[in-house]
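Participant:
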Amino acid sequence: MRLFDSHAHYEDAMFDSDRHERLEALRGTDVTHVLNCCSDVSVFDTVIELCERHDFVYGSIGIHPHWVLETPDNYLELIRKYAMHEKIAAIGEMGLDYFWKEPKDLQERIFREQLELAKELDKPVIIHDREAHEDCLKILAEYQPAGVLHRYGGPVDLMKQALSWGMYISFNNDLTYPEWNQPHIDCLMECPWENLLIETDCPFAPPHEHRDERCESSDVRNVVRVIAELRSVSEDFVAETSYRNAMKLYRISG
Ligand SMILES: [Zn+2]
3 MRLFDSHAHY EDAMFDSDRH ERLEALRGTD VTHVLNCCSD VSVFDTVIEL CERHDFVYGS
63 IGIHPHWVLE TPDNYLELIR KYAMHEKIAA IGEMGLDYFW KEPKDLQERI FREQLELAKE
123 LDKPVIIHDR EAHEDCLKIL AEYQPAGVLH RYGGPVDLMK QALSWGMYIS FNNDLTYPEW
183 NQPHIDCLME CPWENLLIET DCPFAPPHEH RDERCESSDV RNVVRVIAEL RSVSEDFVAE
243 TSYRNAMKLY RISG
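The following block contains the structure:
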């Protein structure tokens, strides 16, 4: 079995003491690829370092909506520069987040500017949408980018719009939380296999039974198990299908 964790955050401070050790511990396991996603300019260098120190780690560069107020005026130039690196496979994560209270107009401007830059650079985008489904999909429909809706748990009909122009949907251990997993399960059941990715969003999204712990890319195995169970297919099928999809989206050969 080979597993591609399509969205992880080893740049996060929760991994300050051991990020390289934890990544190296994946060697020889089923987790053969990790896409380390980026959240703000303060970690651009760390993302590059992760890509350079670990051959199986790829990265994205971009601004998460939670960090728009800390974003410098020249951020687009910085993204453009860092995105030249051969292992930067995507722009993001970007999008809208109405759970936190950053100004919506600023979130929208930075979201749109990154969508335009990704088009110009011909890179896929990683989309963060939290409690902003209608607005987020309305903007995405204007640009119709290549990319992935990450941890999406909104209405199925909006997900289908994104599928109509070929976006991918990534699922994680949100599927295991009985209190609020139903929207994620509804999307999972309607997501075509050729558009499905798996991820951990580690360290932030542990499986329900480890809800208070830091999670890691190895927890992607549990995502595979849950998807296989819910859709009545083998774990090997889920692993291999999502692996190939991630390789295709992030344009990684081999
Ligand atoms: Zn993320």
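Be aware that the sequence shown starts at 3, since it is given in this note's numbering, and climbs by one per residue. Note that CB positions come from ideal geometry on N, CA and C, so glycine has one too. It should be emphasised that the depicted structure is a prediction, and the values quoted were computed from it without experimental measurement.
Cβ of I269 within 7 Å of Cβ of V49?
Facilitator: Residue 269 is absent from the structure shown; the chain starts at 3 and stops at 256.
Participant: Nearest chain B C-beta to T73 closer than 7 Å, yes or no?
Facilitator: Of the protein chains in this structure there is only one, and it is not chain B.
Participant: Is it true that the CB of C189 sits closer than 7 Å to the CB of V2?
Facilitator: Residue coverage of the chain in this structure runs from 3 to 256, which leaves residue 2 outside it and unanswerable.
Participant: Going by alpha carbons, who is nearest to S219 out of A91, M3 and L37?
Facilitator: Within the sequence shown, numbered from 1, the residue matching residue 219 stands at position 217. Ranking the options by Cα distance to S219, first place goes to L37.
Participant: How many Å lie between R132 and F101 at the Cα?
Facilitator: Start at 1 with the first residue of the sequence shown, and residue 132 comes out as number 130. Start at 1 with the first residue of the sequence shown, and residue 101 comes out as number 99. The straight-line gap from Cα to Cα measures roughly 6 Å.
Participant: Starting from the Cα of C39, find the closest Cα among A120, G61 and A148 and give me that residue.
Facilitator: By 1-based counting over the sequence shown, the position of residue 39 is 37. Among A120, G61 and A148, the Cα nearest to that of C39 belongs to G61.
Participant: Cβ of D176 within 6 Å of any heavy atom in ligand 1?
Facilitator: For this step, residue 176 is matched to residue 174 along the sequence shown. D176: no, Cβ never under 6 Å from ligand 1.
Participant: Going along the chain, which unbroken runs of the beta strand (DSSP E) with 3 or more residues stay wholly within the region 133–192?
Facilitator: 149–152 and 170–173
Participant: Kindly indicate which residue of L5, A10, R4 and M3 has the alpha-carbon position closest to the one of T202.
Facilitator: Position 200 of the sequence shown holds residue 202. Sorting L5, A10, R4 and M3 by C-alpha distance to the C-alpha of T202 places A10 at the top.
Participant: If I measure Cβ to Cβ from D137 and keep anything under 7 Å in the same chain, skipping five residues before and after, which residues do I get?
Facilitator: For this step, residue 137 is matched to residue 135 along the sequence shown. Once the five neighbours on either side are set aside, the close Cβ partners of D137 are L98.
Participant: Should E215 be labelled buried (16 or more other beta-carbon atoms within 10 Å of its own) or exposed?
Facilitator: Here the question's residue 215 lines up with position 213 in the sequence shown. Flag for E215 reads exposed.
Participant: Counting pairs of beta carbons, one from the region 4–18 and one from the region 232–239, are three or more of them closer than 8 Å?
Facilitator: These segments do not touch.
Participant: Tell me the rounded alpha-carbon separation between T34 and V127.
Facilitator: Taking the first residue of the sequence shown as position 1, residue 34 is located at position 32. Taking the first residue of the sequence shown as position 1, residue 127 is located at position 125. Between T34 and V127, the C-alpha separation is close to 22 Å.
Participant: For A241, tell me which candidate among E196, S255 and P208 has the shortest Cα-Cα distance.
Facilitator: Taking the first residue of the sequence shown as 1, we reach residue 241 at position 239. For A241, the nearest C-alpha among the options comes from E196.
Participant: With burial defined as no fewer than 16 other Cβ atoms inside 10 Å of the residue's Cβ, what is the status of T178: buried or exposed?
Facilitator: Position 176 of the sequence shown, counted from the start, is the residue given in the question as residue 178. It is buried - the Cβ of T178 has at least 16 other Cβ atoms within 10 Å.
Participant: Which residue marks the beginning of the alpha helix (DSSP H) containing H22, and which one marks its end?
Facilitator: Reading the sequence shown from its first residue, position 20 is the one you call residue 22. Start and end: R21 to E26.
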